Amino acid sequence: MKPRILEVRTRILKENDTVARALRQRFDEAGVFVVSLVSSPGAGKTTFLRETLMRLASSHRVAALVGDLATENDAARLADSGAPVRQIVTGTVCHL
Ligand SMILES: Nc1nc2c(ncn2[C@@H]2O[C@H](COP(=O)(O)OP(=O)(O)OP(=O)(O)O)[C@@H](O)[C@H]2O)c(=O)[nH]1
Ligand SMILES: [Mg+2]
Numbered sequence: 003m004k005p006r007i008l009e010v011r012t013r014i015l016k017e018n019d020t021v022a023r024a025l026r027q028r029f030d031e032a033g034v035f036v037v038s039l040v041s042s043p044g045a046g047k048t049t050f051l052r053e054t055l056m057r058l059a060s061s062h063r064v065a066a067l068v069g070d071l072a073t074e075n076d077a078a079r080l081a082d083s084g085a086p087v088r089q090i091v092t093g094t095v096c097h098l
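Mapping of the sequence shown onto the working numbering: residues 3 to 98, in sequence order.
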């Protein structure tokens with residue numbers, strides 16, 4: 003059978019866009035600078051955050067909230083930086 007190309011005219015992530023727009027506005031109003039850091043598992047996100055906390059600690063008040071399915075491993079690694087760290091065990095998904 004020949005492959006068919008289906009045109010999808012509805013943006014399936016439209017709802018996400020709406021929520022994201024509202025969040026961006028709230029962050030703007032509060033003067034909060036937000037970075038969304040996305041990568042494949044094991045790419046180095048936690049290592050990067052730990053290093054960032056260590057480098058910013060001397061000039062800024064820094065802290066971390068960690069959302070994790072079950073373990074406190076990443077929270078423990080970030081706490082190594084010396085910054086205050088709190089763990090939220092999310093149970094089903096890693097999103098906060
Ligand atoms: N060689 C090398 N190893 C790195 C680098 N950054 C991270 N690692 C190693 O890669 C492994 C995974 O790093 P993590 O920081 O745990 O990656 P992650 O993206 O937080 O992983 P998940 O939370 O499981 O998605 C660890 O063993 C790190 O020590 C790097 O720049 N170079
Ligand atoms: Mg990690």
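Glycine residues also receive a C-beta, built at the ideal position from the N, C-alpha and C atoms. Model, not experiment: these values are computed from the prediction.
Am I right that residue i and residue j are in contact with their C-beta atoms under 8 angstroms? What's the rounded C-beta distance?
i: residue 85; j: residue 55; result: 4 angstroms
i: residue 59; j: residue 83; result: 7 angstroms
Could you pull out every residue in the same chain whose Cβ sits closer than 7 angstroms to the Cβ of residue i, ignoring the five residues on either side in sequence?
i: residue 91; result: 70, 72
i: residue 74; result: 89
Residues in the same chain with beta-carbon distance under 6 angstroms from residue i, minus the five sequence neighbours each way, listed in chain order, please.
i: residue 41; result: 47
i: residue 29; result: 36
For the pair the region 43 to 62 and the region 78 to 96, tell me if three or more CB-CB distances fall below 8 angstroms.
yes
Going along the chain, which unbroken runs of the beta strand (DSSP E) with 3 or more residues stay wholly within the region 65 to 95?
66 to 70, 87 to 91
Touching by the beta-carbon criterion (3+ pairs, under 8 angstroms), the region 23 to 37 and the region 61 to 74:
no
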